[in-house]
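Contents: one structure, followed by commentary.
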Amino acid sequence: RKEVEQDPGPFNVPEGATVAFNCTYSNSASQSFFWYRQDCRKEPKLLMSVYSSGNEDGRFTAQLNRASQYISLLIRDSKLSDSATYLCVVNTGGTSYGKLTFGQGTILTVHP
Amino acid sequence: DGGITQSPKYLFRKEGQNVTLSCEQNLNHDAMYWYRQDPGQGLRLIYYSQIVNDFQKGDIAEGYSVSREKKESFPLTVTSAQKNPTAFYLCASSISASYNEQFFGPGTRLTVL
Chain F
3 RKEVEQDPGP FNVPEGATVA FNCTYSNSAS QSFFWYRQDC RKEPKLLMSV
53 YSSGNEDGRF TAQLNRASQY ISLLIRDSKL SDSATYLCVV NTGGTSYGKL
103 TFGQGTILTV HP
Chain W
-16 DGGITQSPKY LFRKEGQNVT LSCEQNLNHD AMYWYRQDPG QGLRLIYYSQ
34 IVNDFQKGDI AEGYSVSREK KESFPLTVTS AQKNPTAFYL CASSISASYN
84 EQFFGPGTRL TVL
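These protein sequences, in sequence, are chains F and W.
Counted the way our numbering counts, the first sequence spans residues 3 to 114.
Counted the way our numbering counts, the second sequence spans residues -16 to 96.
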C-alpha cells in the first residue's frame, strides 16, 4: 500500500460546481496534513494545512478522519482558476524531522 | 521581498556531465530540502538539511550530492552516477525541520541529452 494515495482523476467539472477529493494515508502515527496546489509546470504552493478535525478557508474546506486515515478537500463554487493539480501531503516522520510524503496529485479541470 | 530562488529555470546537459543546481532563500529558514518530480508521480525527497553544515539523505539520494555552507544556500549536484537525471527539481525550505509547512522555489527543469 502506498504511504499516501490519491485518485489521480482527472476531474472535469463546470464552473460553480462543488467537487471533493479524497486522500488516504497508511501511517497511523502521522500528525500533520496539507493540501498543496500545483499549476502546470510550476512549483507546488501551500493551499491549506489540516491539523485537527479540519478547517475552512473561503470556498475550500479540508477534513481529517483519523479513524479511517483519510483527508479530504472540498471546493465549492468552482472557478476556472481552480484548474490545477491538488497534492495531498502527509507528515510520515517523527517529531524531530517531519518527513513529508506527497501523493501523486489529483488533476482538476474547471470548464465554462 | 522574501522567497526562494532557483537557477537556472531550464538546464540541458550531456550524459556523463555533472551539473549543479542553485537554491537560495532569504526567509531565514533553518531547514532546506531537495525533491525531484517525474511526470505523473509525487515529489520524492533527495536530500534535506536541518541546519547549516548538516544534511541527510532522503529517499533517493544515490547519484546526488549537496552542501550547506551557508544558511541561505543549498546547492544540489547531479552527478554522472545518477542513472535517470532528467526531471523537474524543486527546492523547498521551512522555518525548522519540525515545522512542517514547506515553501517551494520555482524549480529547475533538467534535461540530459
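Note that the Cβ used here is the ideal one computed from N, Cα and C, for glycine as well.
Note that the structure is predicted; figures quoted are calculated from it, not measured.
> Which same chain residues, not among the five before or five after residue 83/W, have their C-beta less than 8 Å away from its C-beta?
Replying inline: Along the second sequence, one-based indexing puts residue 83/W at 100. If the five residues before and after residue 83/W are omitted, its C-beta is found closer than 8 Å to the C-beta atoms of 77, all from its own chain and listed in chain order.
>> Taking beta-carbon pairs under 8 Å, can you tell me which members of the stretch 78 to 91 of chain W lie near chain F?
In response: Residues passing the 8 Å Cβ filter: 80, 81, 82, 83, 84, 85, 86, 87, 88, 89 and 90.
>> When you compare the CB of residue 24/W with every CB in chain F, is at least one pair closer than 9 Å?
In response: The residue given as residue 24/W occupies position 41 in the second sequence. Residue 24/W has a beta carbon lying within less than 9 Å of a beta carbon in chain F.
> According to DSSP, which residues form a beta bridge with residue 86/F?
Replying inline: For the purposes of this step, residue 86/F is taken as the residue at position 84 of the first sequence. Per DSSP, 110/F.
> Three or more C-beta pairs closer than 8 Å, one from the stretch 8 to 17 of chain F and one from the stretch 58 to 74 of chain F: is that the case here?
Replying inline: Because the criterion of three Cβ pairs below 8 Å is not met, the stretch 8 to 17 of chain F and the stretch 58 to 74 of chain F do not touch.
> So, is residue 113/F buried or exposed, given that buried needs 16 or more other C-beta atoms within 10 angstroms?
Replying inline: Indexing the first sequence from 1 puts residue 113/F at position 111. So residue 113/F counts as exposed.
>> Can you give me the C-alpha to C-alpha distance between residue 72/W and residue 23/F, rounded to a whole angstrom?
In response: Sequence index remark: in the second sequence, residue 72/W carries index 89 (1-based). Sequence index remark: in the first sequence, residue 23/F carries index 21 (1-based). Near 26 Å, if we compare the C-alpha coordinates of residue 23/F and residue 72/W.
>> Tell me which residues share the same chain as residue 106/F and place their Cβ nearer than 7 Å to its Cβ, disregarding the 5 neighbours each side in the sequence.
In response: Taking the first sequence and counting its residues from 1, the one referred to as residue 106/F is at position 104. Taking residue 106/F as the centre and dropping the five residues before and after it, the same chain places the C-beta of 8 and 10 closer than 7 Å to its C-beta, in chain order.
> Do the CB positions of residue -7/W and residue 60/W come within less than 9 Å of each other?
Replying inline: Counting from 1 along the second sequence, the entry for residue -7/W is found at position 10. Counting from 1 along the second sequence, the entry for residue 60/W is found at position 77. Contact flag unset, no.
>> If distances are taken between C-alpha atoms only, which option among 74/W, 86/W and 58/W comes closest to residue 2/W?
In response: In the second sequence, counting from the first residue as 1, residue 2/W sits at position 19. When C-alpha distances from residue 2/W are compared across 74/W, 86/W and 58/W, the shortest belongs to 58/W.
> So, does the CB of residue 28/F fall closer than 9 Å to a CB anywhere in chain W?
Replying inline: Along the first sequence, read from residue 1 onward, the residue named residue 28/F stands at position 26. It does not: the Cβ of residue 28/F has no partner Cβ on chain W nearer than 9 Å.
> When you compare only the Cα positions, how much space is there between residue 68/W and residue 74/W?
Replying inline: As a position in the second sequence, residue 68/W is number 85, starting the count at 1. As a position in the second sequence, residue 74/W is number 91, starting the count at 1. Across the structure, residue 68/W and residue 74/W are spaced so that their CA atoms are roughly 16 Å apart.
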